[in-house]
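*Asks:* Chain order of the listed sequences is W and G.
Number 65 in the numbering used here belongs to position 65 of the first sequence; there are no gaps in the numbering.
To convert a position in the second sequence, counted from 1, into the numbering used here, add 194.
Note that CB positions come from ideal geometry on N, CA and C, so glycine has one too.
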Amino acid sequence: MLEAPALQELDERTLVTRAIGRDREAFGALYDRHVVRVYRHIYYMVGNAAEAEDLAAQAFLQAWEAIERYEIRGAPFVSWLLRIAHNLGVSYLRSRKEGAQLPETLVDHGSQRNPEEAVQQQLEGERVREAILGLRDEQRQVIILRFVEDLDYREVAEIVGKSVAAVRVIQHRALNALRKQMQREESQGVAANG
Amino acid sequence: MAEAALIEALANCLDAQHQGEASLRACLERYPEFRVELEELLAIVRLIPRLPDQTAPSPAFRERTRRRLLGRPNGRPSPADLGWRTDSPS
């Protein structure tokens, strides 16, 4: 068996192939490579560091248990991991019945002029975040990677296994879906208040 | 065809928004036919809450999970083995 430092230098496909063959050290190298991204995705959903760590650990356990079912010619491994993480986050939020509160660390106070604006921005941020979490897998991943993680098109394309042109299309459709969702909510709010 | 042009305009104006107010204004002026739609989409992007760059799991968690996840030569660790709660979150 190879030592850990050598494993870290192997390409993703080789590591995944070995992990599918139940090579724990290869899976460990994949864990090292992706644990931060998986954790951040879940933290964005649940807004709590301890819960995010718990769920991230569960995501890797589920991935290890299900890795024989991963199709190496399908979506990239990290994209598959993020889907597992997202499903765990959704189950967790459902079990809590109410959505997670937006963590204080996600709020940009730089552009606010007064406390009312801060509250308004927090509420709008929560609405947008919830709408993002309701997007289809592919759209949600692109939006989070592009605008939460602040990655460029090439990096996002690599993670989701699409071309840069395809990522731009998904980005546009996802933003359009978010815009329609926000407009729908606004019109429902107006109707409810009227 | 119109969608392809809008997709390109959106990508360009997102880059411009990143560079600042003046660049964004200049970009919007290049696409008067899409201006209303672009402004609405860019406004959505500005509302998306960001994670700070330094948001990451603790080193202790990373090490503990790695060790316990990979520690057993055979068999699969249970959630209890990994030190996770087995009760439902309240």
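With DSSP collapsed to three states, give me the class of E71/W.
*Replies:* Against the first sequence, residue 71/W aligns to sequence position 71. The answer is coil: DSSP assigns E71/W none of H, G, I, E or B.
*Asks:* Evaluate R37/W with the Cβ neighbour count: other Cβ atoms within 10 Å of its Cβ, from every protein chain shown; 16 or more gives buried, anything less gives exposed.
*Replies:* What you label residue 37/W is simply residue 37 of the first sequence in a count that begins at 1. Looking at its Cβ environment, which holds 16 or more other Cβ atoms inside 10 Å, R37/W is buried.
*Asks:* Are the CB atoms of A174/W and V142/W nearer to each other than 7 Å?
*Replies:* In the first sequence, the residue the question calls residue 174/W occupies position 174. In the first sequence, the residue the question calls residue 142/W occupies position 142. Yes, they are a contact pair.
*Asks:* At a CB-CB cut-off below 9 Å, which residues of chain W make contact with A189/G?
*Replies:* Any property of residue 189/G remains undetermined from this structure, which presents chain G solely from 195 to 284.
*Asks:* For E138/W, which of L178/W, Q181/W and Q171/W has the nearest alpha-carbon?
*Replies:* Along the first sequence, one-based indexing puts residue 138/W at 138. Sorting L178/W, Q181/W and Q171/W by C-alpha distance to the C-alpha of E138/W places Q171/W at the top.
*Asks:* So, at 8 Å on beta carbons, what are the nonlocal neighbours of I144/W in its own chain, with the 5 sequence-adjacent residues on each side left out?
*Replies:* Walking along the first sequence from the start, residue 144/W turns up at place 144. Result list for I144/W: H41, Y44 and I132, in chain order.
*Asks:* The alpha helix (DSSP H) that contains A250/G, what's its start and end?
*Replies:* Numbered from its first residue, the second sequence carries residue 250/G at position 56. It is not in any alpha helix (DSSP H) - A250/G carries neither H nor E in the DSSP assignment.
*Asks:* Between the Cα of I67/W and those of A50/W, L81/W and A166/W, spot the shortest distance and give me the residue it belongs to.
*Replies:* Along the first sequence, one-based indexing puts residue 67/W at 67. Comparing Cα-Cα distances from I67/W to each of A50/W, L81/W and A166/W, the minimum goes to L81/W.
*Asks:* Give me the Cα-Cα distance between R229/G and Q211/G, rounded to the nearest whole angstrom.
*Replies:* Here residue 229/G refers to the residue found at position 35 of the second sequence. Here residue 211/G refers to the residue found at position 17 of the second sequence. Looking at the two C-alpha atoms, the distance is approximately 14 Å.
*Asks:* By the 8 Å beta-carbon criterion, what residues does the stretch 51-85 of chain W contribute toward chain G?
*Replies:* Within the stretch 51-85 of chain W, the qualifying residues are E51, A52, E53, D54, A56, A57, Q58, F60, L61, W64 and E65.
*Asks:* For P243/G, count the other beta carbons within 10 Å of its own beta carbon; 16 or more makes it buried, fewer makes it exposed. Which is it?
*Replies:* Residue 243/G sits at position 49 when you count from the first residue of the second sequence. So P243/G counts as buried.
*Asks:* In whole angstroms, give me the CA-to-CA distance for A85/W and V160/W.
*Replies:* Position 85 of the first sequence holds residue 85/W. Position 160 of the first sequence holds residue 160/W. Taking the straight line from one Cα to the other gives about 15 Å.
*Asks:* S163/W lies in the alpha helix (DSSP H); which residues open and close that run?
*Replies:* Translated into positions along the first sequence, residue 163/W becomes position 163. Looking at the DSSP string, S163/W is not in any alpha helix (DSSP H), and its letter there is neither H nor E.
*Asks:* Output needed for L7/W: all residues of its chain with C-beta closer than 8 Å, excluding positions within five of it in sequence on either side, in chain order.
*Replies:* Looking up residue 7/W in the first sequence gives position 7. Excluding positions up to five away in sequence, the list reads L15, E25, A26, G28 and A29.
*Asks:* DSSP three-state label for E197/W, please.
*Replies:* Residue 197/W lies beyond the residue range present for chain W, which begins at 1 and ends at 194; the question has no answer from this structure.
*Asks:* Only counting the same chain, and skipping five residues up and downstream in sequence, which positions put a Cβ closer than 8 Å to that of Q58/W?
*Replies:* What you label residue 58/W is simply residue 58 of the first sequence in a count that begins at 1. Answer for Q58/W: L88, listed in chain order.
*Asks:* So, does the CB of H172/W fall closer than 7 Å to a CB anywhere in chain G?
*Replies:* Taking the first residue of the first sequence as 1, we reach residue 172/W at position 172. Interface residue, yes.
*Asks:* In angstroms with no decimal places, state the Cα-to-Cα distance between N268/G and R22/W.
*Replies:* For the purposes of this step, residue 268/G is identified with residue 74 of the second sequence, where counting begins at 1. For the purposes of this step, residue 22/W is identified with residue 22 of the first sequence, where counting begins at 1. Note that N268/G scores a pLDDT of 42, beneath 50, so its modelled location is shaky and nothing firm can be said.
*Asks:* List the residues of chain W whose Cβ lies closer than 7 Å to the Cβ of V230/G, in chain order.
*Replies:* Within the second sequence, residue 230/G is the residue found at index 36, counting from 1. Chain W residues near V230/G: none, gap ~11 Å exceeds 7 Å.
*Asks:* Would a check of beta-carbon distances place G28/W closer than 7 Å to chain G?
*Replies:* Counted from its first residue, the first sequence places residue 28/W at position 28. Closer than 7 Å to some Cβ of chain G, the Cβ of G28/W qualifies, so yes.
*Asks:* Could you give the first and the last residue of the continuous alpha helix (DSSP H) run that contains R219/G?
*Replies:* As a first step, residue 219/G must be located in the second sequence, where it is residue number 25. E215 to R224 is the extent of the alpha helix (DSSP H) around R219/G.
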